[in-house]
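Notes follow the structure.
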Amino acid sequence: MTGQNTGTRYTVVVNDEEQYSIWAADRALPAGWHAAGTSGTREECLAEIGRVWTDLRPRSLRRAMGEL
Numbered sequence: 064m065t066g067q068n069t070g071t072r073y074t075v076v077v078n079d080e081e082q083y084s085i086w087a088a089d090r091a092l093p094a095g096w097h098a099a100g101t102s103g104t105r106e107e108c109l110a111e112i113g114r115v116w117t118d119l120r121p122r123s124l125r126r127a128m129g130e131l
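Numbering (the working numbering), first residue to last: 64 to 131.
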């Protein structure tokens, strides 16, 4: 990934399946994704994703398995 050590600011984003990613803060969000409320360095954003995204299964799968 480019921009790792350039001071680029990132935003944590999440989609309707509750899957997380990071996105450069100066870019428009891609369709289907919205800001999750955290922005910062790449490392800070990845740490936040590691803290909140503990079940990597998509939301639809968890729902189908009766876990939601």
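Using N, Cα and C, we set each Cβ at its ideal position, and we do this for glycine too. In this text the structure is predicted, and so the values were computed from the model without any measurement.
Asked                                                                                   : Found
Cβ pair residue 76, residue 112 closer than 7 Å                                         : no
Cβ pair residue 100, residue 78 closer than 7 Å                                         : no
Cross-strand partners of residue 85 (DSSP beta bridge)                                  : 75
Beta-carbon proximity list for residue 116, same chain, < 6 Å, skipping 5 on both sides : 83
Limits of the unbroken alpha helix (DSSP H) element including residue 113               : 105-115
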